[in-house]
Each structure stands twice: as C-alpha cells, then as structure tokens.
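Report on the structure given below.
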Amino acid sequence: MNKHDVMATKPKVLDDRQREAFFEKGYLVINEFLDQNWLDRIWEVTNSIIEQSKEVYESDGKFDLEPEHSAQDPRLRRLTYPTAHHNLYWEFASRGPIVDVAEDLLGPNIVFHHSKLNFKWSGGGEEVKWHQDYPFYPQTGYSILAIGMYLNDVDDEMGPMGAIPGSHVGPIYDHYSEDGKWTGALREQDLKGLSMESVEWMAGKAGTITVHNARTVHGSMPNFSPRPRPLLINAYSSADVLPLTAFPGSESEHNCTLIRGTAPTQVELEAKACTLPPDWSGGNYTSIFEKQQTAN
Numbered sequence: 182m183n184k185h186d187v188m189a190t191k192p193k194v195l196d197d198r199q200r201e202a203f204f205e206k207g208y209l210v211i212n213e214f215l216d217q218n219w220l221d222r223i224w225e226v227t228n229s230i231i232e233q234s235k236e237v238y239e240s241d242g243k244f245d246l247e248p249e250h251s252a253q254d255p256r257l258r259r260l261t262y263p264t265a266h267h268n269l270y271w272e273f274a275s276r277g278p279i280v281d282v283a284e285d286l287l288g289p290n291i292v293f294h295h296s297k298l299n300f301k302w303s304g305g306g307e308e309v310k311w312h313q314d315y316p317f318y319p320q321t322g323y324s325i326l327a328i329g330m331y332l333n334d335v336d337d338e339m340g341p342m343g344a345i346p347g348s349h350v351g352p353i354y355d356h357y358s359e360d361g362k363w364t365g366a367l368r369e370q371d372l373k374g375l376s377m378e379s380v381e382w383m384a385g386k387a388g389t390i391t392v393h394n395a396r397t398v399h400g401s402m403p404n405f406s407p408r409p410r411p412l413l414i415n416a417y418s419s420a421d422v423l424p425l426t427a428f429p430g431s432e433s434e435h436n437c438t439l440i441r442g443t444a445p446t447q448v449e450l451e452a453k454a455c456t457l458p459p460d461w462s463g464g465n466y467t468s469i470f471e472k473q474q475t476a477n
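According to my numbering, the sequence shown is numbered sequentially starting from 182.
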C-alpha cells in the first residue's frame, strides 16, 4: 500500500507528524510505548528462555549463541522465531499494541512477517554491521517494516540501533562480498557513499519501540556495558506485498499470517533491482550475527 493511501486512512496510535517522519526518514522511535504489564509478562517468558539456553552448548534452530556461551555465563545472540517458542510472543506480535503502529504505517491489511529476539549480551555483545533487511527476504514491494522493542533501558554505551535517514529511498545494496560470499552487510565502498555522520542512534527507556522500513540502512555497535540489550523484533508487511524467496532460518507456522484486515485481490509490484539472497530453504542459516562474523 503506497504512502498516499496510507496517509488517507485514520491513524490508530500515531499522529500525522510521526507518520510523515517515518516516510521521510525511513524509521521512527516512540519512547516508552509499551506499558509495564506487557514488559513484565514478556520478561517472565524471556527469563525462562534464558534458563533453557543454559542446557544448550551450540547454536541450533532455536538459539544462536556466542562462542563463549555456557550454563554459568549464558551469552545469547538471538532467539530465533520467538513466536514459535511461546504463545505470549505470538499474542504480542499478533494482537499487541504494536500492531496498531504497523497498521498506521502499512494500511489496514497486515501480514505478520517474522520475529526474532536479539540479546546483544553485556560486556561485548556483538555489533550488527550496516545492512538492509530487504535483501535477506526480497518481496514484490517495499511496504515492509520491523518494529523493535527494548526490554531494558538502552543508552549509547549499550549499542542501540542506528539508522541513516532517507536511505530507504536509495539503492538496494549488494550484501555479498566481491568474491561472491554472502556477508549480510554492505560493502565498504558502498558505506563510503552514505552519509554516516547523519546516523541517528535510537536509545530509549524500556518499552521504547523502533520502527524501520526494510530498505533502511541500519546497524548497531557492540554492547560494552555491563548490561544486556535485548531487542524483541517483529516484522510486518502490507498484505498485498508477497515474498519472493524462502525465509532465512527455520520456518515458523506464523510466517505470512494475515493478522488484520482482508486478504489481497491484487499484488503490489515495484521494479527496483535486487540481488537475490542465497537459497535459505535448506536450513543453512542461523542469524545475521553468524553470517556477518564469519565473513570477517
């Protein structure tokens, strides 16, 4: 659904200033959007997930672990597809208040795309190099966004997400190295052409949400603080935008579920070229962390 049609609809939780800012910059921050009840419920489940990870010693289809992970010192990089592992994550993703945000920016017909929980553990939790989401899972159009929610207060020391304003209307960059290896990150020569001094770092209190378009160039620095920085991410698309490739990582029954509105009778088609990602259907994907770090 295009910007003009979205803006013609009455918003549920955002004002027109916020919606215009999103379409202009490609991202949005809403401080302390989530109430304490939701935070408490999500933390209860997340703490139980962390406990489960203590019995796992290597990355699998559920947990992506840092090399130093142990039962005594758990160091999670990611919980893959949280909605597949606990009903509360699915309740939040499909019926929680963030769905109103998605509708205000995508229109009334909303598809749940996927979820992930990036932990960025304390004391050096890994960076996320500059990248766009779209090359990981290209679709027929660009009405795709991700909503991240900080479970803890996040300051500049903790590696908050940063984004380059206006990059969502620029090129769709190649995320392969010069020798053809998928790295999941922009090449150095492409970064030199971007206005890195304009990066906006999105710190915020617990319950703050970040929203970014799938074409927005974004990333985050390592977390050198003594505090973990869990970021629960749920991605959505307008129902008239359809996937072109298999999803990265293990499939979830919730992928591409219509959660609001009606199924499309037409498909959105936009013509900008994009290099296809590797074939993820064989299960040869763990996370962006693993792909970016092994590319070093």
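Virtual Cβ for every residue (Gly too), placed ideally from N, Cα, C.
When the options are compared against residue i, the one with the closest alpha-carbon
i, options, result
"Phe293", "Glu449, Cys437, Ala444", "Cys437"
"Asn228", "Asn212, Thr456, His267", "His267"
"Arg222", "His435, Ala265, Gly277, Leu209", "Gly277"
"Pro248", "Lys310, Gly306, Glu213", "Gly306"
"Glu449", "Gly288, Ser379, Ser234", "Gly288"
"Ser406", "Thr397, Pro341, Tyr354, Gly347", "Pro341"
"Asp460", "Tyr318, His349, Val226", "Tyr318"
"Ser419", "Gly442, Gly400, Pro403", "Gly442"
"Tyr357", "Leu375, Leu439, Pro458, Gly322", "Pro458"
"Tyr331", "Val280, Val194, Thr389", "Thr389"
"Asp483", "Lys191, Lys453, Leu412, Asp216", "Beyond the ends of the chain as shown, which are 182 and 477, falls residue 483; an answer cannot be given."
"Gly329", "His295, Pro352, Ser376", "His295"
"Ile353", "Arg410, Leu375, Ser251", "Leu375"
"Asp186", "Lys301, Leu439, Asp285", "Asp285"
"Ser251", "Thr261, Thr397, Glu232, Pro263", "Glu232"
"Gly400", "Phe214, Asn299, Gly242, Ser324", "Asn299"
"Glu213", "Pro409, Met383, Ser433, Cys455", "Met383"
"Leu220", "Ala189, Leu269, Asp245, Val210", "Leu269"
"Lys191", "Ser433, His435, Val282", "Val282"
Bridge partner(s) assigned by DSSP for residue i
i, result
"Ser296", "Asn415"
"Gln320", "Pro424"
"Gly400", "Gly343"
"Met330", "Ile390, Leu413"
"Val210", "Thr391"
"Trp382", "Gly343"
"Asp245", "Arg259"
"Leu439", "Val292"
Unbroken beta strand (DSSP E) run spanning residue i, endpoints
i, result
"Ile390", "390 to 394"
"His250", "Segment: none, His250 is in no beta strand (DSSP E) and carries neither H nor E."
Residue range of the alpha helix (DSSP H) that includes residue i
i, result
"Trp271", "268 to 276"
"Lys206", "197 to 206"
"Val282", "279 to 287"
"Leu372", "369 to 373"
"Thr443", "Taken as a continuous stretch (DSSP letters only), Thr443 belongs to no alpha helix (DSSP H), as it is neither H nor E."
"Trp219", "217 to 234"
"Lys133", "Because the chain here runs from 182 to 477, residue 133 falls outside it and cannot be looked at."
Residue i: CB within 8 Å of a non-hydrogen atom of the ligand GDP
i, result
"Ser303", "With respect to the ligand GDP, the structure shown offers nothing to examine, as it has no ligands at all."
- Query: Does the segment 303 to 314 touch the segment 393 to 402, meaning 3 or more C-beta pairs lie closer than 8 Å?
  - Reply: Flag = yes, the segment 393 to 402 and the segment 303 to 314 touch.
- Message: Under 8 Å: do the segment 360 to 379 and the segment 327 to 339 share three or more Cβ pairs, one atom per stretch?
- Response: no
- Below 8 Å, can you find three or more Cβ-Cβ pairs linking the segment 232 to 240 to the segment 418 to 435? Under the 8 Å Cβ criterion, the segment 232 to 240 does not count as touching the segment 418 to 435, having fewer than three qualifying pairs.
- Item | At least three beta-carbon pairs within less than 8 Å, the segment 256 to 271 to the segment 196 to 205 | no
- Task: Specify whether the segment 341 to 358 and the segment 205 to 220 touch according to this definition: at least 3 beta carbon pairs, one from each stretch, less than 8 Å apart.
- Result: yes
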